[in-house]
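Structure record follows, encoded as structure tokens.
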Amino acid sequence: MPHILHSLPYFVAAWLFFCGLYGLVTSRHLVHSVICLAILQSSTYVLLLAIGYRVGGAAPIFADIAPGVLTVDPVVQALMLTDVVVEAVVVALLLAMVVKAYEKSGCVSPSELRTMRG
Amino acid sequence: MTDRLRLAIFLVAGPVFMGLYCYAAMNLPPWGQYRGPYGDMIAKLAVYERHATDTVNAINYDYRGFDTLGEEFILFTAVIGVMMLLRREKDVPTSPAGKVADRPPLSESVRAVISPALLITTIFGFYIGLHGQLTPGGGFQAGVILASAAILVYLAANTEAFKRTTSHVAVEVVEAIGAASYALIGIVPLLIGLPLLTNILPLGVTGDVLSAGNIALISACVGVEVTAAFLLVAYTYLEEIVTGEIPEE
Amino acid sequence: MTSPLPALPIALPLLGAGLLAALRKWLSRAAADSLSIAVAASTLISSLLLLSHALQHTQVYWFGNWHPRGSVVLGITFVADPVAAGLSSLAGLLVFLALIFSWRFVDSGANHYHALMLVFLAAMDGFVLTGDLFNMFVFFELMSTAAFALCGLKTQEPAPLQGSFNFAVTNTVAAFLVLTGIALLYAVTGALNMAQIGLALGGRHDPLVLFAFTLLTCGFFIKAAIAPFHFWLPDAHAVAPTSVCVLFSGLMVELGLYAVVRLKSVIFQQTFASGETHLRYILLAFGGATILIGGVMCYAEHHLKRLLAFSTVCHTGLMLVIFAIQGPLAIAVMLVYLVAHAFVKSSLFFVSGIMLHRLRSISENVLFGRGRPLRWTAALWFLGGIGLAAGPCFSTMLADAGMSSASEEAGIHGLSWGLSWLFMFAGVMTCAAVFRVGMHTFAGWGDAPITDRSAQVGELPETEAEEQKVFWYHFVPPLVCILLAIALTFIPGWQYGVREAAARVYDQPAYLNMVYTGHSIPLTAPRSWRNEIPGAAIRGTIAVLLALCLACTSVFRGKLARGLRIGAFLEGPLTILRAVQSGHPGDYVLWLTVGLAVFGSATLIILR
């Protein structure tokens, strides 16, 4: 039991990844697919932040604590910080594709928009 | 392939993948016991070496500043992509994708609150942007906050007011210049024989607004670029969804 | 004083892109074209200079002047060894030629196109040069985003939008897989620098490391269009303008395989030290499946760009099969084939662009017989086909020549006959498809081709109808590519350079030593590469002749006895394969998951 508790956040990340994939596979609306991509992204955030956490660690901001105090890992926070903002705009790009597709064909369901058959 | 067949195959492959993920995750170090040398070393060094109290931003704009340059250009590229996708073709009749009203349907009491909210948001955005090297914040966050302040103008009035506040041409130029300036700040050290993106500005006193050398300057440039980028995205979307008119180029 | 050279291939195009975007509204089309070509040319020159320095001594460049402290790496590094510098030069050359090709007439999306191409170039350069894992991910995302944006150039029909949407969804999932793998490796080693991770991992092969390997490899396999992750590639090619297709098939897809090679060599070298045979079988399985699927679907296509896209799938599978042999010679052969294939494929795409521009269509049915006046175009098209089949005088043949030596070094000489058969299959199928299209279009022989839905999608021409004339500069890029593909066969020094460069890639201790101390240790002399050129030339000629026969059975099927209509049978309804290539993004993600599960389980079970 303690072993599972030690890895619980990682299982949450795995579950989120699975949910995102499930949503993508069974999606019936293109906007829904784009949001599932955002869920996949959240899974990576949960994983990164869980990896960098230290129980009892302070935030890595030394404005009001003395340097040398044990902090959580600042590197993973730096990695995902820029990602959050950047992915928001990439989602905007994907949604622009969806908007344009709807404008040209009038449908937003992947099954109806089957023009790329092999 | 029918929906049911797709779901059936996925319900076999998906859990296998998730099982592998969980099985691997059990070999990770226990949660809450971060061991690695990288983060600890930077946490100990950043204040002394760069006079920056916000270690996360020190990593973002100095230690791993090259990554942030790449991420900023991802933003830049995605905005160009949005503008290119939703551009108006000449001679093609436009039909707005949706029938969104020009004036958002908000009650008058909400509208009344927006003006003070706008002021507070703008001040807050500038505060966050300028104090990136000291406290949590920095260019990316400030950019988003300031852009949302401008979008409040749209919420308070209508798209016309939003377009008057943010001239499309100027915002586009500012966005491109913001992106190019990050590259330029990086190139300047090349001229004196140091590698790209070396921190060459004076480091100042820890805790001052004007400290940490390049970090503050890059953070400001990124803030400008991100604000302009989000404004462009909002502008392009509003153009596409609300009015359907051809903007004057 | 550090030389600024390694940073220039990134800094120049990014700065150029920013300037072009800032001045977008005020630059005329000619000015934007000239400025972008100038920036691409200067990037190419800096990459070539970097290559010349790297050949003597690998350049290690620390951004922000953050040198490593002990064994902990603080900053981001570029490791410009000859392979990386060579690939970045190739990227510069292809972008330069693509920009020349799209001079003036191709719709530039209100002048956004130039900035996007320069960003794409910077991303490819950064991706190959970097020595930091997260930095590789950032450039992977930059490359992908620029690619999505470039696919949005043609928005008049719903088909392009679905194609780019499928492309965007699959490649974004790939990026997240890669990021998850990076996170797991970071948790284990506490490092993001590839050399430090390789040092810290040592010989561990517990389930965590194997799963991280699965995630990283499958993420990059998605980019490399290996089956069953390949479904997005034909859709993206059907959508993108010609110059962008050149970059996709010529380099972007192959960079996925380069990443796998680099990661295996630097990070996972010792992990698989004892399990190399088993890893070989897994990679051979995936590569072989890719070749078979790619080859058959290539022949079944009637949309020119999708046809060429499937041939890219097939040839990338071949590169994976060559890599699966393992060993420095195998890497050398793979790199030789990568470069040769890049030139041949780019030439074919440029020619298809000329056909689209002049004949206003890219569907085999519509083009039937219309290409008769285009003699030079026909010559280039058929030469490209021979190049795909590794015909004599083409540098693709060199890969065939080196394969037996590579398999001998790896100790699997028994398998080399199977590899030769796969090589020939790939060449025959793709070349036959190209020949068939050529015979239909340029000679007008045979009956009208069988139609299918994908060819009816059609493709709106990229240029205005008034300007149908093909100018001299449209012929320069394909001509340069084909001439390089042929010339490289006869320059022996180039092969030896690749052999040494590949040995440097394979040698993990040398890489670690280079990154941490900046000194290169002398390598053991590379094993002699017994170049079986005569044997390869004969096999290449046989492949070309077989391809000709196959194409003829398809073209002249009305005149053949029923039993001989092999070509028509292959062309006809291949219901299962076509049904799987359905255009539905959910299907693509489904097969992606299946591929992930299979690769992950295989790695875990076999290599434990």
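Residue numbers (our numbering), protein chains in the order written: chain A, -14 to 103; chain B, 148 to 396; chain C, 19 to 626. No residue lacks a Cβ here, since even glycine has one placed at the ideal position from N, Cα and C. Since the model is a prediction, treat every value here as computed from it, not as a measurement.
Residues that residue i contacts on chain B, provided the C-beta gap is smaller than 8 Å
i: V75(A); result: I221, A225
i: V31(A); result: Per Cβ cutoff of 8 Å: no residues; V31(A) is ~11 Å from chain B at best.
For residue i, the first and last residue of its enclosing beta strand (DSSP E)
i: Q77(C); result: 77 to 80
i: F96(C); result: 95 to 98
Endpoints, the alpha helix (DSSP H) within which residue i is located
i: E97(A); result: Neither: E97(A) is in no alpha helix (DSSP H) and is coded neither H nor E.
i: S261(C); result: 260 to 265
i: S65(C); result: 47 to 74
i: V70(A); result: 59 to 90
i: L216(B); result: 212 to 232
i: M270(C); result: Where M270(C) is concerned, there is no enclosing alpha helix (DSSP H), given that its DSSP letter is neither H nor E.
i: H333(C); result: 322 to 342
i: T395(C); result: 393 to 406
i: V227(C); result: 225 to 241
i: A376(B); result: 361 to 385
i: W250(C); result: 250 to 257
i: C169(B); result: 150 to 172
i: G333(B); result: 315 to 338
8 Å contact criterion, which residue i and residue j should meet: CB distance rounded
i: M462(C); j: F400(C); result: The sequence as given places Gly at residue 462(C); Met does not occur at that position. About 15 Å separates the two Cβ atoms, so there is no contact after all.
i: F441(C); j: L302(C); result: Wrong, their Cβ atoms sit about 13 Å apart, outside the cutoff.
i: R276(B); j: S366(B); result: Note on identity: in this sequence residue 276(B) is Gly, with Arg being the wrong assignment. Rounded, the Cβ-Cβ distance is 7 Å, consistent with contact.
i: S54(C); j: L41(C); result: Contact doesn't hold; Cβ gap of about 11 Å is too wide.
i: Y185(B); j: V93(A); result: With a Cβ gap of about 44 Å, Y185(B) and V93(A) do not count as contacting.
i: L23(C); j: Q77(C); result: 7 Å
i: C332(C); j: I404(C); result: About 16 Å separates the two Cβ atoms, so there is no contact after all.
i: I349(C); j: A520(C); result: 4 Å
i: F157(C); j: G149(C); result: Rounded, the Cβ-Cβ distance is 12 Å, inconsistent with contact.
i: A193(C); j: M142(C); result: Actually they do not touch by this definition, with Cβ atoms about 16 Å apart.
Chain-ordered neighbours of residue i on chain C, where CB pairs are closer than 7 Å
i: D209(B); result: G82
i: P95(A); result: H602, P603, G604
i: I36(A); result: A201, Y204, A205
i: S18(A); result: V187, P603
Within chain C, partners of residue i - CB distance below 8 Å
i: L1(A); result: Under the 8 Å cutoff, chain C gives no residues; its nearest Cβ is about 11 Å from L1(A).
i: R86(A); result: For the sequence presented, residue 86(A) should be read as Ala rather than Arg. Near A86(A) (Cβ distances below 8 Å), the residues of chain C are P176, L179, Q180, F183.
Residues bridged to residue i (per DSSP)
i: D150(C); result: N211(C)
i: R87(C); result: V90(C)
i: Q180(B); result: R39(A)
i: T56(A); result: A43(A)
i: S381(C); result: H321(C)
i: D201(B); result: I46(A)
Proximal residues of chain A, C-beta to C-beta of residue i below 8 Å
i: T163(C); result: V75, L78
i: R153(B); result: V10, T11
i: T173(C); result: K85, K89
i: T200(B); result: I46, F47, A48
Amino acids of chain C, ordered along the chain, whose beta-carbon sits closer than 9 Å to that of residue i
i: N204(B); result: Near N204(B) there are no residues of chain C at all, since even the closest Cβ is about 14 Å away, more than 9 Å.
7 Å Cβ cut-off: residues of chain B touching residue i
i: M65(A); result: Correct list: empty, because the minimum Cβ distance to chain B is about 10 Å.
i: V137(C); result: F220, T224
i: Q62(A); result: V203
i: P22(C); result: L337
i: S(-8)(A); result: A172, M173, L175, W178
Cross-chain neighbours of residue i in chain A, by beta carbon under 7 Å
i: E196(B); result: In chain order: nothing, as chain A lies at least about 11 Å away.
i: C169(B); result: F(-4), A(-1)
Amino acids of chain A, ordered along the chain, whose beta-carbon sits closer than 9 Å to that of residue i
i: V612(C); result: Going along chain A, no residue has its Cβ under 9 Å from V612(C), so there is no contact; the nearest lies around 10 Å.
i: G170(C); result: L78, A81, M82, K85
Any chain D beta carbon closer than 7 Å to residue i
i: P342(B); result: Among the protein chains in the structure shown, which are A, B and C, there is no chain D.
Between the region 317 to 333 of chain B and the region 30 to 39 of chain C, do at least 3 Cβ pairs fall closer than 8 Å?
Contact between the region 317 to 333 of chain B and the region 30 to 39 of chain C is present: three or more C-beta pairs spanning the two stretches fall below 8 Å.
Within the chosen definition, does the region 377 to 391 of chain B reach the region 81 to 99 of chain C through at least 3 CB pairs nearer than 8 Å?
no
Within the chosen definition, does the region 559 to 577 of chain C reach the region 446 to 457 of chain C through at least 3 CB pairs nearer than 8 Å?
yes
Is the region 170 to 186 of chain B close to the region 34 to 47 of chain A, with three or more CB pairs under 8 Å?
yes
For the region 369 to 377 of chain B against the region 312 to 322 of chain B, are there 3 or more C-beta pairs whose distance is under 8 Å?
yes
Between the region 276 to 288 of chain C and the region 164 to 184 of chain C, do three or more beta carbon pairs fall short of 8 Å?
no
Is it a yes or a no for the region 246 to 261 of chain C touching the region 93 to 102 of chain C, going by three-plus beta-carbon pairs under 8 Å?
no
Contact the region 593 to 608 of chain C vs the region 148 to 166 of chain B: 3+ CB pairs below 8 Å
Counting Cβ pairs under 8 Å, three or more are found: they touch.
Determine contact between the region 255 to 262 of chain C and the region 311 to 318 of chain C, defined as no fewer than three beta-carbon pairs at a distance below 8 Å.
Flag = no, the region 255 to 262 of chain C and the region 311 to 318 of chain C do not touch.
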